[in-house]
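Engineer: Sharing a structure here in structure tokens format.
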Amino acid sequence: MHILVTGGAGFLGRRLARAILARGTLAGPDDRQHPVARITLADVVAADLPDPRVSSLVGDLADPALLDRAFAGGVDSVFHLAAVVSGEAEANFDLGWRVNVDAMRALLERCRAPGTSPRFVFASSCAAFGGPLPARLPDDQMPVPQSSYGTQKVVGEYLVHDYTRKGFLDGRSLRLPTVTVRPGKPNKAASSFASGIVREPLAGVESVCPVAPETKMWLTSPATVVDNLIAGHEAPASAFGHTRSVNLPGISVTVRQMVDALRRVAGDAVADRVTWKRDPAIERIVLTWPADFEAKLARALGMRADADFESIVRAYVAESVRR
Ligand SMILES: NC(=O)c1ccc[n+]([C@@H]2O[C@H](COP(=O)([O-])OP(=O)(O)OC[C@H]3O[C@@H](n4cnc5c(N)ncnc54)[C@H](O)[C@@H]3O)[C@@H](O)[C@H]2O)c1
């Protein structure tokens, strides 16, 4: 099989590619397992993943020439992860719509063209939801996003739904919780602090938390979300029912509980590097996101959540030591 991962040089794209390589097989249109012969990582930056099965394709997803190269020789499955993330899509309206919607539509058309109905896994987001919401969201909660990014994700979900209904592809839109802890530098996501308040103190650096300690978030670790992206690909089409949009499992944690977990793992000196200064621009986005979901369909599809935030911090520390 040839697997295309858009945003393949990103945080989750690289991890997903590594996990697929380790598995060695994925489900084909016949639901049987087939060896993964090739993975193409398409991104505006080069992906560094040394493996003879992996090629890095550098370019803008909105450029038809990149799609020509990506689809040359055929594509069996797509994981669509490339995106302009929340803070940037809010700051740059035109860029967000160009990449998150226009380029995605062009990608869906490429999937449609050969008539092979490839599996298409779309990384949507719990930012699809906003406004007044129940404390725990049922699977059938209507998404009413309160940001450009959330709106673009919902438009993407509807595209996936309609292309699937027409038989052009076999789509699965997975609404990801906030993924933490992300290594490296802060990014332009409004949720960037959810990693920063763990990563920076562990690296000996102060971190300013821009939301109040009682702010609740819906969280997952990178390892768990990658497993769930693969589970979303592997599930047979018949398992989905009337919707292809799935709220992924997560854990519901306040920011204070996150810092308390860091304190238990790394001690007072580390946790005390977190300081609090509310940023209205970040709060305006993050406080609209729901912090608890039933995620019944996801669990029925074999997806799972992390045990607790402490185990997420411990996994990050263990991984940092290996790096
Ligand atoms: N990480 C999270 O907490 C989280 C939460 C919810 C949803 N998601 C979604 O999951 C996906 C992956 O997230 P991530 O954390 O790995 O983000 P990331 O920013 O690390 O990766 C996204 C990648 O897309 C690439 N990209 C952006 N515009 C592009 C374009 N025009 N052409 C080609 N490539 C382009 C970027 O260079 C980047 O490498 C995104 O769609 C994101 O919206 C992530």
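Just add 259 to wherever you are in the sequence shown, counting from 1, and you've got my numbering. Ideal placement from N, C-alpha and C gives every residue a C-beta, glycine not left out.
If you reduce the DSSP assignment to three classes, tell me which class T423 lands in.
Structural biologist: Helix at T423.
Engineer: Does the Cβ of F352 have 16 or more other Cβ atoms within 10 Å, making it buried, or fewer, making it exposed?
Structural biologist: Under this definition F352 is an exposed residue.
Engineer: So, for V414: in the same chain, excluding its five sequence neighbours on each side, which residues have a beta-carbon less than 7 Å away from its beta-carbon?
Structural biologist: V360
Engineer: Is the closest heavy atom of ligand 1 to the C-beta of N446 under 7 Å?
Structural biologist: yes
Engineer: Give the single residue among T513, L521 and E493 whose Cα lies nearest to the Cα of R378.
Structural biologist: E493
Engineer: Have a look at T410, S407 and A498 and flag the residue whose alpha-carbon is nearest the alpha-carbon of M562.
Structural biologist: A498
Engineer: Taking just the CA atoms, how far does L556 sit from G491?
Structural biologist: 11 Å
Engineer: Is the segment 394-405 touching the segment 339-358 in the sense that three or more CB pairs, one from each, lie closer than 8 Å?
Structural biologist: By the Cβ test, the segment 339-358 is not in contact with the segment 394-405, since fewer than three Cβ pairs between them sit closer than 8 Å.
Engineer: Count the other C-beta atoms from every protein chain shown that fall within 10 angstroms of the C-beta of S432, then say buried if there are 16 or more, exposed otherwise.
Structural biologist: buried
Engineer: Quick one: Cα of L275 to Cα of T299, how far?
Structural biologist: 12 Å
Engineer: Is any heavy atom in ligand 1 found nearer than 7 Å to the beta carbon of D327?
Structural biologist: no
Engineer: Hey, how far is the Cα of L308 from the Cα of T265?
Structural biologist: 14 Å
Engineer: Leaving out five residues on either side along the sequence, give the residues of the same chain with a beta carbon under 7 Å from the beta carbon of A449.
Structural biologist: S345, G346, I541, I544 and V545
Engineer: What is the C-beta distance between V514 and E569, in whole angstroms, given that I count them as a contact (C-beta under 8 Å)?
Structural biologist: Not confirmed; about 15 Å, so no contact.
Engineer: What number of angstroms, rounded off, separates the C-alpha of G287 from the C-alpha of P373?
Structural biologist: G287 and P373 have their alpha carbons spaced roughly 16 Å apart.
Engineer: Shortest alpha-carbon distance to K475 belongs to which of A394, R291 and I489?
Structural biologist: For K475, the closest C-alpha among the options A394, R291 and I489 is that of A394.
Engineer: Tell me whether L433 sits in a helix, a strand or coil according to DSSP, three-state version.
Structural biologist: strand
Engineer: In this structure, what does DSSP give as the bridge partners for H293?
Structural biologist: L285
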